[in-house]
Amino acid sequence: MKVTRGKGAVKKDKNEVVKPVEDRAAGKRKAVLKASRSSNKRTKNVKSAKKDPNKPKRPPSAFFVFLEEFRKVYKQEHPNVKAVSAVGKAGGEKWKSLTDAEKAPFEAKAAKRKLDYEKLMTAYNKKQY
DNA sequence: CCCCTGATTGTTATA
DNA sequence: TATAACAATCAGGGG
């Protein structure tokens, strides 16, 4: 049933009932039961290590930075593809095909993101005190 | 209506 | 050091 949120931000009349995926998709993901995933192959049930309340989101890896662009291109060539896994596989394959020089710009961006993350970490650290 | 899962790799963090 | 969890995306299925 494709909920209204479908593409990203189908702003509802009132307020963004369906907040941008960023809030819920990524935000809750970590916040919400990690135990769920324990059922799966990855993620074992780790009761220890309580999650932090304001833990800043981790910066995207070089691969993710590459994926961001790759997804756009992929969708253009494969508008019919509605599987995220398809892009993931294709992206992963392509990623390995890239050379260090080609990955360099992506890594550079990832590195920059990391710097920003460290800044957030400082604020987080201060808050946690 | 809201949340989870799938698939990729990388990076970060914790034990 | 090693393991675990999560980062984005999109659509669909489950509750």
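Counting in UniProt numbering, the first sequence runs from 1 upward without gaps.
Every residue gets a Cβ at the ideal spot worked out from N, C-alpha and C, and that includes glycine.
Residue i vs residue j beta-carbon contact at 9 Å
i: residue 62; j: residue 109; result: yes
i: residue 56; j: residue 120; result: yes
i: residue 70; j: residue 90; result: yes
i: residue 75; j: residue 65; result: no
Burial state of residue i, where buried means 16 or more other Cβ atoms lie within 10 Å
i: residue 59; result: buried
i: residue 112; result: exposed
i: residue 67; result: buried
i: residue 73; result: exposed
As assigned by DSSP and simplified to three states, the class of residue i
i: residue 58; result: coil
i: residue 110; result: helix
i: residue 81; result: coil
i: residue 115; result: helix
i: residue 98; result: coil
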